[in-house]
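J.: First the structure, which I've put down as structure tokens, then a few questions once you've had a look.
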Amino acid sequence: MAIDAEAGAPLLHGSSSFDLKATFSTSLAALLAALLGLLAVFGQFSEEATPAHVDRYYSFLTDVLVMIFLGFGALMTFLKRYSYSAIALNYVTSCLVILEALLLIGWTQQGFGVVTIDLPLMIDAAFCAGAAMISFGAVLGKATPAQLVWLLALEVAPYAATAQLVAGRWEALDVGGSITIHAFGALYGLAASVFLSPKGAGAGHPKNGASYASDMSAMLGTLFLFIYWPSFNGALAAGEQGLCVMNTVIALLGACLAAFVASSAFGNQLNMVHIQNATLAGGVAIGSSANLRLPPAATLAVGIVAGALSTLGYETISPALEKYLGISDTCGVANLHGAPGILGGLASALFSWIYLTPANAPLMIHGTKQPLWQLAGLGVTLGVAIVSGLAAGFVVSKVAVKKQEVEVDNMYDDAVFWHEVDEE
Numbered sequence: 037m038a039i040d041a042e043a044g045a046p047l048l049h050g051s052s053s054f055d056l057k058a059t060f061s062t063s064l065a066a067l068l069a070a071l072l073g074l075l076a077v078f079g080q081f082s083e084e085a086t087p088a089h090v091d092r093y094y095s096f097l098t099d100v101l102v103m104i105f106l107g108f109g110a111l112m113t114f115l116k117r118y119s120y121s122a123i124a125l126n127y128v129t130s131c132l133v134i135l136e137a138l139l140l141i142g143w144t145q146q147g148f149g150v151v152t153i154d155l156p157l158m159i160d161a162a163f164c165a166g167a168a169m170i171s172f173g174a175v176l177g178k179a180t181p182a183q184l185v186w187l188l189a190l191e192v193a194p195y196a197a198t199a200q201l202v203a204g205r206w207e208a209l210d211v212g213g214s215i216t217i218h219a220f221g222a223l224y225g226l227a228a229s230v231f232l233s234p235k236g237a238g239a240g241h242p243k244n245g246a247s248y249a250s251d252m253s254a255m256l257g258t259l260f261l262f263i264y265w266p267s268f269n270g271a272l273a274a275g276e277q278g279l280c281v282m283n284t285v286i287a288l289l290g291a292c293l294a295a296f297v298a299s300s301a302f303g304n305q306l307n308m309v310h311i312q313n314a315t316l317a318g319g320v321a322i323g324s325s326a327n328l329r330l331p332p333a334a335t336l337a338v339g340i341v342a343g344a345l346s347t348l349g350y351e352t353i354s355p356a357l358e359k360y361l362g363i364s365d366t367c368g369v370a371n372l373h374g375a376p377g378i379l380g381g382l383a384s385a386l387f388s389w390i391y392l393t394p395a396n397a398p399l400m401i402h403g404t405k406q407p408l409w410q411l412a413g414l415g416v417t418l419g420v421a422i423v424s425g426l427a428a429g430f431v432v433s434k435v436a437v438k439k440q441e442v443e444v445d446n447m448y449d450d451a452v453f454w455h456e457v458d459e460e
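If you're matching positions, the sequence shown starts at 37 in the numbering used here and goes up one per residue.
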């Protein structure tokens, strides 16, 4: 790679320089300094961190962190020239989002002032990072590191406000975040991608694809997510963690089988994109209803529909987004998180109507009107995600701008940003 002798920055195919120090490093340092100052003024640890408290929550926190850093991180390494950036930027931006979310979620839950940090709040902050990594998937390889930092930093406030409104004040069923985590993260990322998907960034881009080795590393991410998803859905369940685990496992099993059926049916061959993603859709779709006492067959049906719907999405939704809206959804978050998240919201409305039983009644605060609150929560979440994603995408598209032809030529390539990574 050529070097600009004056600036010491790598040249992108000899046509312009990209200075990480002036964009990414400065942005990250400024946000870190701001978070340090805010935590110094407003942060304190809870006095309730007893052994019983740790026993109750710590294993769930570590399971969720495994999903965020190993599951999502490895899953995004499927791009053959972008694996370094995928897993490393997932790593650093997740850390940033978790720190920011401790304050912003803390303020939405506890009121503005001193935030008492405990393990449940840390789990909530990790959930926020999950939503952010879903959004990351939509712009994977297209946003510069600085753009990514600002895009995800700007996501925390609308996420925190929406989650507190829908699952907090409105008390909609959403223990595993089908609505407030998965649907929100997907729609925010897709909306931002409107401004971060220049022409030529889609499926036809020569570097927007996988190799045999990169698909194998991504498959490890899938397996991590599959194994730990029950903890994600049950981490903050009050007293129904056993139901969360059982419902999630059954839904995941159904989605896995349905995805293999659908994948082989569509092309008469298996497609690794479907297997890496659609097999997980059951965990997304059952999230809102995971703590309900449901018939196992109902849970399995949700998983089957989610797996088939997600696979269908890779064949229909992704091409349609690119053809009609110009949005290249790099990781297919519309199919793994968006559509199954919406399905999960709709399923929770249906289940809260059908299964308003004495066992489930304590969770359905609104009684017979609970389905309406589920639909309202879903609608508001989608609206806020789209509006805030469009606004954030527009703003960050102005950060570290390069000429479009250079930007497109160098997308999905680690050589632009990493030391000792040779150009192809």
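Just so it is clear, CB atoms sit at the ideal spot from N, CA and C, and this is done for glycine as well.
For clarity, every value in this text was computed on a predicted model and none was experimentally measured.
When you compare the segment 173-190 with the segment 143-161, are there three or more beta-carbon pairs, one atom per stretch, that lie closer than 8 Å?
T.: Output reads no: the segment 143-161 does not touch the segment 173-190.
J.: Find out if the Cβ-Cβ distance for the pair Thr152, Ser82 is shorter than 8 Å.
T.: The residue labelled residue 152 in the question sits at position 116 within the sequence shown. The residue labelled residue 82 in the question sits at position 46 within the sequence shown. Yes, the Cβ-Cβ distance between Thr152 and Ser82 is below 8 Å.
J.: Going by alpha carbons, who is nearest to Leu382 out of Thr98, Pro398 and Gln406?
T.: Reading the sequence shown from its first residue, position 346 is the one you call residue 382. It is Gln406 whose Cα lies nearest to the Cα of Leu382.
J.: Taking 8 Å as the cut-off, decide whether the C-beta atoms of Gln312 and Phe114 are in contact.
T.: On the sequence shown, residue 312 is found 276 positions in, with the first residue counted as 1. On the sequence shown, residue 114 is found 78 positions in, with the first residue counted as 1. A contact, by the Cβ cut-off of 8 Å.
J.: Given this structure, state the Cα-to-Cα distance separating Ala122 from Ser247, to the nearest angstrom.
T.: If you number the sequence shown from 1, residue 122 lands on position 86. If you number the sequence shown from 1, residue 247 lands on position 211. Computed Cα separation, rounded: 15 Å.
J.: For the alpha helix (DSSP H) that contains Gly79, what are its first and last residues?
T.: For the purposes of this step, residue 79 is taken as residue 43 along the sequence shown, with counting starting at 1. First-last for Gly79: Gly79 to Phe81, but that is the beta strand (DSSP E), not the alpha helix (DSSP H).
J.: Which value, in whole angstroms, describes the spacing of the CA atoms of Pro156 and Leu139?
T.: Within the sequence shown, numbered from 1, the residue matching residue 156 stands at position 120. Within the sequence shown, numbered from 1, the residue matching residue 139 stands at position 103. Between Pro156 and Leu139, the C-alpha separation is close to 13 Å.
J.: Quick one: is His455 buried, meaning 16 or more other Cβ sit within 10 Å of its Cβ, or exposed?
T.: Residue 455 sits at position 419 when you count from the first residue of the sequence shown. Under this definition His455 is an exposed residue.
J.: Three-state secondary structure (DSSP) at Glu42?
T.: If you number the sequence shown from 1, residue 42 lands on position 6. Low confidence applies here, because Glu42 scores a pLDDT of 36, under 50, leaving its location unreliable; read the following figure in that light. Glu42 falls in the coil class under three-state DSSP.
J.: Looking at C-alpha atoms only, which residue of Ser119, Leu187 and Glu460 is the closest neighbour of Phe430?
T.: Walking along the sequence shown from the start, residue 430 turns up at place 394. The option with the nearest alpha carbon to Phe430 is Leu187.
J.: Under the three-state reduction of DSSP, which class applies to Ile322: helix, strand or coil?
T.: Counted from its first residue, the sequence shown places residue 322 at position 286. Ile322 falls in the coil class under three-state DSSP.
J.: Can you check DSSP and say which residues form a bridge with Val151?
T.: Here residue 151 corresponds to residue number 115 of the sequence shown, with the count starting at 1. DSSP, once it has assigned bridges, lists Gly79 as partnering Val151.
J.: Short of 6 Å in beta carbon distance, which residues of its chain neighbour Ala208, apart from the five on each side in sequence? Order them along the chain.
T.: Indexing the sequence shown from 1 puts residue 208 at position 172. So the list reads Val202, Trp409, Gln410 and Gly413, once near-sequence residues are dropped.
J.: How do the segment 309-323 and the segment 286-298 stand: do at least 3 beta-carbon pairs fall below 8 Å, yes or no?
T.: Output reads yes: the segment 286-298 touches the segment 309-323.
J.: Give the straight-line distance between the Cα atoms of Leu135 and Gly303, rounded to the nearest whole angstrom.
T.: The residue you call residue 135 lines up with position 99 of the sequence shown. The residue you call residue 303 lines up with position 267 of the sequence shown. Each residue's Cα considered, the two are about 44 Å apart.
J.: Could you say which of Pro376, Ile322, Thr366 and Ile104 lies nearest to Leu463 if we only look at CA atoms?
T.: The shown model of the chain, from 37 to 460, leaves out residue 463, and the question about it has no answer.
J.: I'd like to know if the segment 319-336 and the segment 381-398 are in contact, where contact means that at least 3 CB-CB pairs between them fall below 8 Å.
T.: Yes, they touch.
J.: Taking C-alpha atoms, which residue in Cys164, Cys280 and Ala124 lies nearest to Ala193?
T.: As a working mapping, residue 193 is identified with position 157 in the sequence shown. For the residues Cys164, Cys280 and Ala124, the minimum Cα distance to Ala193 belongs to Cys164.
J.: Taking only the alpha-carbon atoms, compute the straight-line gap between Tyr464 and Phe105 and give it to the nearest angstrom.
T.: Here the chain covers residues 37 to 460 and nothing more, so residue 464 does not appear.
J.: Can Gln200 and Thr144 be called in contact, C-beta distance under 8 Å?
T.: Counting from 1 along the sequence shown, the entry for residue 200 is found at position 164. Counting from 1 along the sequence shown, the entry for residue 144 is found at position 108. For Gln200 and Thr144, yes; Cβs fall inside 8 Å.
J.: From the DSSP output, which residues share a beta bridge with Leu115?
T.: Residue numbering aside, residue 115 sits at position 79 when the sequence shown is read from its first letter. DSSP, once it has assigned bridges, lists Ala246 as partnering Leu115.
J.: Thinking C-alpha only, which one of Thr216, Ser61, Ala110 and Ser63 is nearest Ile422?
T.: Start at 1 with the first residue of the sequence shown, and residue 422 comes out as number 386. Of the candidates Thr216, Ser61, Ala110 and Ser63, the one whose C-alpha sits nearest the C-alpha of Ile422 is Thr216.
J.: Classify Leu392 as helix, strand or coil using the three-state DSSP reduction.
T.: Your numbering for residue 392 matches position 356 in the sequence shown. Three-state result, Leu392: coil.
J.: Decide if Glu32 is buried, meaning its Cβ has at least 16 other Cβ atoms within 10 Å, or exposed.
T.: No statement about residue 32 is possible, as the shown extent of the chain runs from 37 to 460 and does not include it.
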